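Q:
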Amino acid sequence: MFKFTGKVLSLSAAALFASTMISAADSLDDLVKAAKAEGQLTTIALPHDWCGYGAVIDAFKAKYPGITVNELNPDAGSGDEVEAIKANKDNKGPQAPDVIDVGLAFGPSAKKDGLIQPYKVSTWDSIPDSAKDADGAWYGDYYGVLSFMVNKDLVKNVPTDWADLLKPEYANSVALAGDPRASNQAIQAVHAAGLSTGAAAGKAAGEAGLDFFKKLNAAGNFVPVIGKPATLAQGQTPILINWDYNNLSGRDTLNGNPPTDIVIPKTGVVAGVYVQAISAYAPHPNAAKLWMEYLYSDEGQIGWLKGYCHPIRFNDLAKNGKVPQELLDKLPPADAYAKAVFPSLDEQGAAKEEITKGWDSVVGANVK
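Counting from 76, one number per residue, gives the positions in the sequence shown under this note's numbering.
(1) In whole angstroms, what separates the C-alpha of D133 from that of D176?
(2) In the DSSP assignment, find the unbroken alpha helix (DSSP H) run with I387 in it and report its ends.
(3) Check the C-beta distance from I339 over to V220 and give it rounded, since I have them as a contact under 8 Å.
(4) Can you name, in chain order, every residue of its own chain whose Cβ lies under 7 Å from the Cβ of L307, other than the five neighbours on each side?
(5) CB-CB under 6 Å to L402, same chain, minus the five flanking residues each way: which ones, in chain order?
(6) Pair every Cβ in the region 166-183 with every Cβ in the region 102-112, then say whether three or more of these pairs are closer than 8 Å.
(7) Among A352, I142, G277 and Q311, whose alpha-carbon lies nearest the alpha-carbon of Q192?
(8) Short check: CB of L323 to CB of Y383, under 8 Å?
(9) Measuring straight from C-alpha to C-alpha, what distance separates A275 and A425?
(10) For the region 243-254 and the region 412-423, state whether three or more C-beta atom pairs, one from each stretch, are separated by less than 8 Å.
(11) What is the rounded straight-line gap between the Cα of N148 and the Cα of I119?
(12) According to DSSP, is Y217 part of a helix, a strand, or is it coil?
(13) For the alpha helix (DSSP H) holding A109, just list the boundary residues, first then last.
(14) Out of curiosity, what's the CA-to-CA distance linking F287 and S372?
(15) Determine the contact status of L106 and N330, defining contact as a CB-CB distance below 8 Å.
(16) How about H359 and D236: do their beta carbons lie closer than 8 Å?
(17) If you scan the region 159-247 from start to end, which runs of the beta strand (DSSP E) of 3 or more residues do you find wholly inside it?
(18) From G343 to A264, what distance separates their C-alpha atoms?
(19) Can you grab the Cα-Cα spacing for the pair W366 / K187, in whole Å?
(20) Exposed or buried, what is A90 when buried is set at 16 or more other beta-carbons lying within 10 Å of its beta-carbon?
(21) Drop a sphere of 10 angstroms on the beta-carbon of A283, count the other beta-carbons inside from all chains shown, and report buried for 16 or more, exposed for fewer.
(22) Expressed to the nearest angstrom, what Euclidean distance is found between the alpha-carbon atoms of A294 and L103?
(23) Residues in the same chain with beta-carbon distance under 6 Å from D200, minus the five sequence neighbours each way, listed in chain order, please.
(24) Let's test the definition: count the other Cβ atoms within 10 Å of the Cβ of D435 and tell me whether it reaches 16, buried, or not, exposed.
(25) By the three-class DSSP mapping on this structure, what secondary structure does N17 have?
(26) Compute the distance between the beta-carbons of G215 and A209, then report whether it is under 8 Å.
(27) Could you tell me which of L179, L251, Y356 and S258 sits nearest to Y349, measuring between CA atoms?
(28) Enumerate, from N- to C-terminal direction, the unbroken alpha helix (DSSP H) stretches of 4 or more residues contained entirely within the region 132-158.
(29) Using DSSP's beta-bridge definition, name the partner residues of W318.
(30) Can the beta-carbon of K289 be found closer than 8 Å to that of V157?
(31) Nearest to D319 by alpha carbon, out of K138, K303 and I160?
Structure, rendered in structure tokens:
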């Protein structure tokens, strides 16, 4: 049985529903024809300055001029996207999203609630297994990894790994970009530090991460301030731990004043993933599938990379020489991302519980 919110669709009905749509096994030409017959694609929560989405949407429209892209609420959050599916499940009009782009945790829950439908794009095999649903209900689209942004005017020896941050030369230098009692990015930074010690993802890495920051704080190296590019430039937080795409954007904003390095640590390379899915109630299911095919094509993936978000197929693209050199020159070395790990939802949850509950008692630094 296919269980949907408020309804149950029989297997035979679901099969009939699926038979009206083009599968990944059919040719792209057939999919394009079917999508153009629908004539429209409705997206939601895609701000144009996020991961280069403005250019990605424009490129899709230029490639498939017969499809109008209707953009709903660019500033919505992941929860809003899921609620939009629920609220419009009987609506075939412009307020019903065909596709969603949500945080990792929302993929499995949307699948469980019967809100999304499976579809495996033609590049499916090059998406890491750890970042996709085996049935094709949702799959990672892009990610960031925890990185160090370093003020080179103040830091003469740039750290290359988490353990380096404990050195005396980095006194009063290291800051997180959030409060680890509440910020997911800061929680993942503590988790990453724990993983760098060799601890297993989840509770063990959470404990090890807390111990690492306890040592960092006791050494006088940790600055209990929510760091930003501005605090880095001012010298208050010369080493900032943040998602790489935020640090890279910050580097561009500072424009060499001061000069900075963006470092992907040698160990504990933790990826934070967003995922794509097609609504189970999509009014334009073939346009939705064509959108997915575009996003997961080499062209679509490189579009996100231009916005400094690492596409989920990055390692595959880099290995096959598909990434333009001018983009690589703006990024940390490609091989730095080869060790990126994608903690499962259970592992993230266990680490979060350990870190948020234990930060005050173990580390004792009031980040604000």
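Backbone N, C-alpha and C fix where the C-beta goes; we use that ideal spot for every residue, glycine too. In this text, all values refer to a predicted model and were calculated from it rather than measured experimentally.
A: So, to answer that:
(1) Taking the straight line from one Cα to the other gives about 17 Å.
(2) That residue, I387, is in no alpha helix (DSSP H); it is neither H nor E in DSSP.
(3) About 6 Å; that satisfies the 8 Å criterion.
(4) Closer than 7 Å at the Cβ level, and outside the excluded window around L307, lie M224, N226, P313 and L315.
(5) Sequence-distant partners of L402 (beyond 5 residues in either direction) whose C-beta falls short of 6 Å from its own C-beta, in its chain, are L380.
(6) When C-beta atoms of the region 166-183 are compared with those of the region 102-112, fewer than three pairs fall below 8 Å, so the two segments do not count as touching.
(7) Considering only alpha carbons, the answer is A352.
(8) Result yes, Cβ atoms of L323 and Y383 sit closer than 8 Å.
(9) Straight through space, the alpha carbons of A425 and A275 are spaced by roughly 11 Å.
(10) Touching, no.
(11) In a straight line, the C-alpha of N148 is about 6 Å away from that of I119.
(12) Collapsing the DSSP output to three states places Y217 in a strand.
(13) Start and end: L103 to E113.
(14) F287 and S372: Cα-Cα distance of roughly 40 Å.
(15) Taking 8 Å as the Cβ cut-off, L106 and N330 do not qualify as a contacting pair.
(16) Not closer than 8 Å, so no.
(17) With a minimum length of 3 residues, the continuous beta strand (DSSP E) runs that stay inside the region 159-247 are 174-178 and 214-226.
(18) Distance from the CA of G343 to the CA of A264, rounded to the nearest whole angstrom, comes to 9 Å.
(19) Whole-angstrom Cα-Cα distance: 23 Å.
(20) Note that A90 has pLDDT 33, beneath the 50 cutoff, so the model's placement of it is unreliable and the number below is only indicative. Exposed: under 16 other Cβ atoms inside 10 Å.
(21) That one is buried.
(22) Between A294 and L103, the C-alpha separation is close to 58 Å.
(23) Nothing listed; no residue qualifies.
(24) By the neighbour-count rule (16 or more Cβ atoms within 10 Å), D435 is not buried but exposed.
(25) Coverage of the chain is limited to positions 76 through 443, which leaves residue 17 absent and any answer about it impossible.
(26) In terms of Cβ geometry, G215 and A209 do not form a close pair [threshold 8 Å].
(27) That would be L179, whose Cα lies nearest to the Cα of Y349.
(28) Taken in chain order, the region 132-158 contains no complete alpha helix (DSSP H) segment of 4 residues or longer.
(29) DSSP, once it has assigned bridges, lists L221 as partnering W318.
(30) Taking the C-beta atoms as reference points, V157 is found no nearer than 8 Å to K289.
(31) Checked all of K138, K303 and I160; the closest Cα to D319 is K303.
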